[in-house]
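S.K.:
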Amino acid sequence: IRLRWEACFREAEGLPPRMRTWQQHCWASAYPWAHAAGGTLALVYQVLYLLRQTDVWSPALHLLGLRVVRHIPEPPQPDLVPKSRLLRLRDAAGTAGSMSIWGLMYLLQFMQWWYQREHLLQPFQPRKVPPPPPARPPYRDSPLPPVRPSTDSADGNVGPRLVLLPQDRTVCPLCHRVRRNPAMSSGGYVFCYTCLVPHVQRYGHCPVTGLAMAVEQVRRIRDESD
Numbered sequence: 001i002r003l004r005w006e007a008c009f010r011e012a013e014g015l016p017p018r019m020r021t022w023q024q025h026c027w028a029s030a031y032p033w034a035h036a037a038g039g040t041l042a043l044v045y046q047v048l049y050l051l052r053q054t055d056v057w058s059p060a061l062h063l064l065g066l067r068v069v070r071h072i073p074e075p076p077q078p079d080l081v082p083k084s085r086l087l088r089l090r091d092a093a094g095t096a097g098s099m100s101i102w103g104l105m106y107l108l109q110f111m112q113w114w115y116q117r118e119h120l121l122q123p124f125q126p127r128k129v130p131p132p133p134p135a136r137p138p139y140r141d142s143p144l145p146p147v148r149p150s151t152d153s154a155d156g157n158v159g160p161r162l163v164l165l166p167q168d169r170t171v172c173p174l175c176h177r178v179r180r181n182p183a184m185s186s187g188g189y190v191f192c193y194t195c196l197v198p199h200v201q202r203y204g205h206c207p208v209t210g211l212a213m214a215v216e217q218v219r220r221i222r223d224e225s226d
């Protein structure tokens, strides 16, 4: 009935006011109020039912004389007929098997977690720091690399001329004075430009490492301290 009433209301609403009959005019005006009143009454019934003031859920059930009550199931009765020993053994085996499977799964999960965290669960054992190696003066027991005589130099019979690095980084290894106008060899060491170029022209190698190099490989360096 409610669906039919809504269909009639929608039909009346869809027509222009001049094409409606007097029944449709009355229905279009009265149905919204009736619908709102019915919804309010149904809400009142439901609130009263939830507050346990009535056992009727809706006005429709009230008109039909139906009551809504809670059905509480009765507790299961124990079996009066005793089970045979075979049935009891079957039930016990099923329960034990199910519990064993779950226990095995939890054990596997625990073992996986344990082996993943084993290195974190070990107690911390501080170890002694090993002593440093004994101090050794520079260039002691360290033979200089052998260098072949330069064939491009003016004096081909002159042997290698290698120098040691001074402890003071600002001193030129060739002239043993404060470095001026620095220049770098192919071995990465810095000398005075006026000292490095003649040495390379004469011997054709780095004064420290003995690596073969030419004058074109000398790199000038800009020293901000000058």
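For the sequence shown, full-length UniProt numbering gives the first residue as 1, with consecutive numbering after it. Every residue gets a Cβ at the ideal spot worked out from N, C-alpha and C, and that includes glycine.
#1: Hey, P207 and P173 are a contact pair by Cβ (cut 8 Å); roughly how many whole angstroms apart?
#2: Taking 8 Å as the cut-off, decide whether the C-beta atoms of P59 and A42 are in contact.
#3: Which runs of the alpha helix (DSSP H) spanning at least 4 residues fall entirely within the UniProt domain "Pex N-terminal" (14-116), listed in chain order?
#4: Given this structure, state the Cα-to-Cα distance separating T194 from R180, to the nearest angstrom.
#5: Could you round the C-beta distance between V178 and I221 to whole angstroms and report it? I think they count as a contact, below 8 Å.
#6: Give the range of the alpha helix (DSSP H) segment to which V200 is assigned.
#7: Using DSSP bridges, identify the partner residues of P133.
#8: Using CA coordinates, which residue listed in H176, Q167, H205, P166 is at the minimum distance from S185?
#9: Taking 8 Å as the cut-off, decide whether the C-beta atoms of A214 and L196 are in contact.
#10: From the DSSP secondary-structure annotation, give me the bridge partner or partners of R177.
#11: Is it buried or exposed for V200, if we count other Cβ within 10 angstroms and need 16 for buried?
#12: To the nearest angstrom, report how far apart R88 and Y49 are at their CA atoms.
#13: What three-state label does DSSP hand R10 in the structure shown?
#14: By the DSSP assignment, the beta strand (DSSP E) with M184 in it spans what residues?
#15: Thinking C-beta only, is A12 closer than 8 Å to A28?
#16: Using DSSP with H/G/I as helix, E/B as strand and the rest coil, what is R4?
#17: By a C-beta neighbour count over all protein chains shown, 10 Å radius and 16 as the cutoff for buried, is C26 buried or exposed?
#18: Would DSSP call V163 helix, strand or coil?
#19: Excluding five sequence neighbours on each side, which residues of the same chain lie with their C-beta closer than 7 Å to the C-beta of L211?
#20: Please report the straight-line C-alpha distance between P166 and R219, rounded to a whole angstrom.
#21: Does V218 come out as helix, strand or coil in the three-state DSSP assignment?
M.R.: Well, looking at it:
#1: Translated into the one-based positions of the sequence shown, residue 207 becomes position 207. Translated into the one-based positions of the sequence shown, residue 173 becomes position 173. With 8 Å as the limit, P207 and P173 qualify as a contact, their Cβ atoms being about 6 Å apart.
#2: Counting from one through the sequence shown, the residue named residue 59 turns up at place 59. Counting from one through the sequence shown, the residue named residue 42 turns up at place 42. Cβ atoms of P59 and A42: closer than 8 Å.
#3: 22-50, 59-64, 85-116
#4: Taking the sequence shown and counting its residues from 1, the one referred to as residue 194 is at position 194. Taking the sequence shown and counting its residues from 1, the one referred to as residue 180 is at position 180. Their Cα atoms are separated by approximately 9 Å.
#5: As a working note, residue 178 is residue 178 in the sequence shown. As a working note, residue 221 is residue 221 in the sequence shown. Incorrect: roughly 15 Å between the Cβ atoms, too far for contact.
#6: Against the sequence shown, residue 200 aligns to sequence position 200. 193-203 is the extent of the alpha helix (DSSP H) around V200.
#7: Numbered from its first residue, the sequence shown carries residue 133 at position 133. Looking at the DSSP assignment, P133 forms no beta bridge with any residue, so it has no partner.
#8: As a first step, residue 185 must be located in the sequence shown, where it is residue number 185. Closest by alpha carbon: H205.
#9: Position 214 of the sequence shown, counting from 1, holds the residue named residue 214. Position 196 of the sequence shown, counting from 1, holds the residue named residue 196. No, they are not a contact pair.
#10: Indexing the sequence shown from 1 puts residue 177 at position 177. Beta-bridge pairing links R177 to no other residue.
#11: Mapped onto the sequence shown, residue 200 falls at position 200. The residue in question, V200, is buried, as its Cβ has 16 or more Cβ neighbours within 10 Å.
#12: Along the sequence shown, one-based indexing puts residue 88 at 88. Along the sequence shown, one-based indexing puts residue 49 at 49. Roughly 47 Å separates the two Cα atoms.
#13: Position 10 of the sequence shown, counting from 1, holds the residue named residue 10. Reduced to three states, the DSSP call for R10 is helix.
#14: Counting from one through the sequence shown, the residue named residue 184 turns up at place 184. Here the beta strand (DSSP E) through M184 covers 182-184.
#15: Within the sequence shown, the letter at position 28 stands for residue 28. Within the sequence shown, the letter at position 12 stands for residue 12. Going by C-beta atoms, A28 is nearer than 8 Å to A12.
#16: For the purposes of this step, residue 4 is identified with residue 4 of the sequence shown, where counting begins at 1. Of the three classes helix, strand and coil, the one that applies to R4 here is helix, per DSSP.
#17: Indexing the sequence shown from 1 puts residue 26 at position 26. Classification for C26: exposed.
#18: As a first step, residue 163 must be located in the sequence shown, where it is residue number 163. V163: coil per DSSP, three-state reduction.
#19: By one-based count along the sequence shown, residue 211 stands at place 211. S186, G187, H205.
#20: Against the sequence shown, residue 166 aligns to sequence position 166. Against the sequence shown, residue 219 aligns to sequence position 219. Those two C-alpha atoms are separated by around 21 Å.
#21: What you label residue 218 is simply residue 218 of the sequence shown in a count that begins at 1. Of the three classes helix, strand and coil, the one that applies to V218 here is coil, per DSSP.
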